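Some notes on the structure that comes next.
2 protein chains.
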Amino acid sequence: MKQNSKYKYEYERPALASDCVMFGFDGGELKLLLIEREKEPFKNKWSLPGGFVFMQETTEECAKRILLEKAGIKNVFIEQLYTFSEIERDPRERIISVAYFALVNTQQYEVIAGRDTLKAEWFELSKVPKLAFDHSKIVKTAIQRLKGKVSYQPIGFELLNEKFTLTQLQALYEAILEEPIDKRNFRKKILGMGFLKALEEKEKNVAHKAARFYSFDKKAYKELTQKGIHFEL
Amino acid sequence: MKQNSKYKYEYERPALASDCVMFGFDGGELKLLLIEREKEPFKNKWSLPGGFVFMQETTEECAKRILLEKAGIKNVFIEQLYTFSEIERDPRERIISVAYFALVNTQQYEVIAGRDTLKAEWFELSKVPKLAFDHSKIVKTAIQRLKGKVSYQPIGFELLNEKFTLTQLQALYEAILEEPIDKRNFRKKILGMGFLKALEEKEKNVAHKAARFYSFDKKAYKELTQKGIHFEL
DNA sequence: ATCCTTAGTGTAAAATTTACACTAATATCA
DNA sequence: TGATATTAGTGTAAATTTTACACTAAGGAT
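Protein sequence lines, in the order shown, are assigned to chains E and B. Note that our numbering has the first sequence beginning at 718, numbered continuously upward. Note that our numbering has the second sequence beginning at 718, numbered continuously upward.
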C-alpha cells in the first residue's frame, strides 16, 4: 500500500475502469482502433483505449472521455457492451472493466487519432494481433454484438459519412456481416423502409456513372419506430 | 469514515454491487421476485435482491450467490443485463450495480423463496410497485431485454418445467411478448425447428383431452446452431 | 470514339407467413 | 351412463416476402 493512500474503506474494493472498442469503416474491412501500451504490464502490446472511472462521472461519461483523450474523438455513437469482472483479468490488482463500443466514421477522425504521444492505430479486424489483458475477449464480444445488432437497428449509418451512396452502405453491411448481399434486393429493402432521404447531390470525379447520395432521416426513423415499425435487414 | 476502515487506496473508489431481476412464470402473467428492504434507505420499500461483490468472486458469481442467499434459488439461467453507474443512484454513497436477469421456474421454487427472515414475494409485472433506488429502471431494462431476446434465443424454456405442453409454451410467449399468437401457426413453427422432443407422457387428471408433453432438446438445438440454423419466432 | 467501371433498375419463382374452424379426448355433472 | 364442458390437436388456401438473376446508363480515361 502506498504512503499517499488517502481513501479508506471498511471492505476491500476493486478498481473500476472502462475500455472502448472503437469500430471504424472506410470502405474495405471493418477496423478497430488500438493503442500501444507504454508501461508494464503488457508493455508495447496493443490494447483497447481505456482508463479508470472518476467519482464524478458515469461509466459512459468515462468511456466518452477516453475516446476524446486517447483518440481525439467526440460525438460518436457509443453503447455499453458488457462488464468484465474476472478476478485475474489484470495482473496488478482486481479491476472491473465496463466495456463500451463506439462506431466512428474513420474518414472524419483518421488524422486526429494518435495526436498526442500515444501510439494509436487502426487495425483491420483480420489483422488485429493478440491484445493485452482480456482485451481480445472484449473485442470478440463487441464483434458479436455489432453483428447481431446491425440487422435490427440502424446503427450502421454511424460508421459512414452523413452523405453516403447505397453502394457504400451495402459494402458496410457486407463488411460487418461478412457475407455478400444482392445489390437489387438490398436496395429494394433498405429504400422500402422509408428512412433514407435521397439527396440531389451525386458523386463527382468518378470514372463511372456517379452514384446518388443518401442520408439517414432520423426523424422519419423515429416516427416509424413509434408506429411499431422496426428496422430489419 | 469508520474507524475500522482497513482498506486504503490512492484514489477514491465506488462500491460494486450486483442486483438481480428474477423472472418467473406459472401460467398467467410474468412475475418478478421482489424483496422488502429492512433498513434505510428505502426502508419497507420493495427492491431487487442485491448485494456487494466480494473480492474473490466475479459479478456473475455474486449474482448467483445472491439468488441463493435471498431466494434459495440455484442452477437457473442467468445473464448479465447492464451496468448502472449513475452517480446518485444510491443516496448513501456511490455504488455501481452490475445487474443480471434470471429466469426461474416458479413452481419449482415457490416454497423455497423467502425461507429466511427476508420478506420475498412474487409480483405480477403489472402489479410491481415503485421500487427502491433505480430498481424500477433496472426492471424496465430487463423486460425490454427479455422481450427482445425471447424471439431469437430459446430462453423461454428456462421458465417452464422440463416437461411442458405446447399450450404452456405458447402461453409463456404470449405473456412475454404481450400479444396473442395463433395456435396452429405457433405449433407449426416451433415444432418445425426440430429441437422439441415429443414425449410419450401426457397430462393426467385434466377435464379435457390430455395434452402431450414435450421437452427442449439441448443437443439438437446445439447441432442446429452449429449448422448456422438459428432459432427465430 | 472506344473502353472500362460502377450505378441503377424489374420480374418471376420459391418460400414463408397469415388467417381461419372443426374433430378428439377426458373429467364432471345431472 | 349419457350429456356437457373444456382444451388438444390438426390442414389449407391466399397473401406476403424473399430470392435469384442480367442488362442499360453514365462518366472519366485512353
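Quick reminder that beta carbons are idealized off the backbone N, C-alpha and C, glycines included. This structure is a prediction, so every number in the text was calculated from the model and none was measured.
Check	Outcome
Here's the rule: buried if 16 or more other CB atoms are within 10 angstroms of the residue's CB, otherwise exposed. What is S722 of chain B?	exposed
Quick check on H925 of chain B: buried or exposed, where buried means 16 or more other Cβ atoms within 10 Å of its Cβ?	exposed
Hey, N792 of chain E and N878 of chain E are a contact pair by Cβ (cut 8 Å); roughly how many whole angstroms apart?	N792 of chain E to N878 of chain E, Cβ: 14 Å. No contact.
Are any of the Cβ atoms in chain B nearer than 8 Å to that of I813 of chain E?	yes
If you measure beta-carbon to beta-carbon, which residues of the stretch 796-808 of chain B are closer than 7 Å to chain E?	Q797, Y799, T800, S802, E803 and I804
Ignoring anything shorter than 3 residues or poking outside the stretch 828-893 of chain E, list the beta strand (DSSP E) runs there in chain order.	837-841
Could you tell me the boundaries of the alpha helix (DSSP H) in which K725 of chain B lies?	Looking at the DSSP string, K725 of chain B is not in any alpha helix (DSSP H); the run it does join, the beta strand (DSSP E), is Y724 to Y726.
Given a threshold of 16 other Cβ atoms within 10 Å of its Cβ, counted over all protein chains shown, does K960 of chain B qualify as buried or as exposed?	Because residue 960 of chain B is not part of the residues shown, which for chain B are 718 to 950, the question remains open.
Please confirm whether F794 of chain E and L820 of chain E have their CB atoms less than 8 Å apart.	yes
Determine which residues of the stretch 727-744 of chain B have a Cβ less than 8 Å from any Cβ of chain E, and write them out in chain order.	E727, Y728, E729, R730, P731, A732 and L733
When the cut-off is 8 Å and only beta carbons count, does S853 of chain E lie next to chain B?	no
Where DSSP assigns a beta bridge to E949 of chain B, which residues make up the other side?	None; E949 of chain B has no bridge partner.
Got a sec: is the Cβ-Cβ distance from L941 of chain E to anything in chain B below 8 Å?	no
At 8 Å on the CB atoms, spell out the chain B contacts of T882 of chain E, in chain order.	Going along chain B, no residue has its Cβ under 8 Å from T882 of chain E, so there is no contact; the nearest lies around 30 Å.
Let me see if you follow: with CB-CB separation under 8 Å, is Q773 of chain E close to chain B or not?	yes
Hey, how far is the Cα of F771 of chain B from the Cα of F948 of chain B?	37 Å
Spell out whether any CB of chain B is found under 8 Å from the CB atom of K760 of chain E.	no
Alpha carbon to alpha carbon, how far is K836 of chain B from Y826 of chain E? Give it in angstroms, no decimals.	54 Å
Assuming F930 of chain B contacts L913 of chain B (C-beta within less than 8 Å), just tell me the rounded distance between them.	Between L913 of chain B and F930 of chain B the Cβ distance is about 10 Å, and since that is not below 8 Å, they are no contact.
Hey, is F794 of chain E's beta-carbon within less than 8 Å of any beta-carbon in chain B?	no
Determine whether the beta carbon atoms of L941 of chain B and G909 of chain B lie at a separation below 8 Å.	no
Taking the alpha carbon of S735 of chain E as the point to measure from, which residue in E:E746, E:E757, E:Q943 and E:L784 has its own alpha carbon closest?	E:L784
Skipping 5 residues on each side, what residues in its chain have a beta carbon closer than 6 Å to that of L733 of chain B?	V770 and I813
Please check the pair S764 of chain B and L848 of chain B, which I expect to be a contact at CB under 8 Å, by giving their CB distance rounded to whole angstroms.	6 Å
Threshold first: 3 residues or longer. Then list the beta strand (DSSP E) segments lying entirely within the stretch 892-926 of chain B, N to C.	913-919
Mind the definition here: the stretch 748-768 of chain E touches the stretch 756-763 of chain B only if three or more C-beta pairs lie below 8 Å; say whether that holds.	no
Could you name the residues that DSSP lists as bridge partners for L750 of chain E?	E:W839
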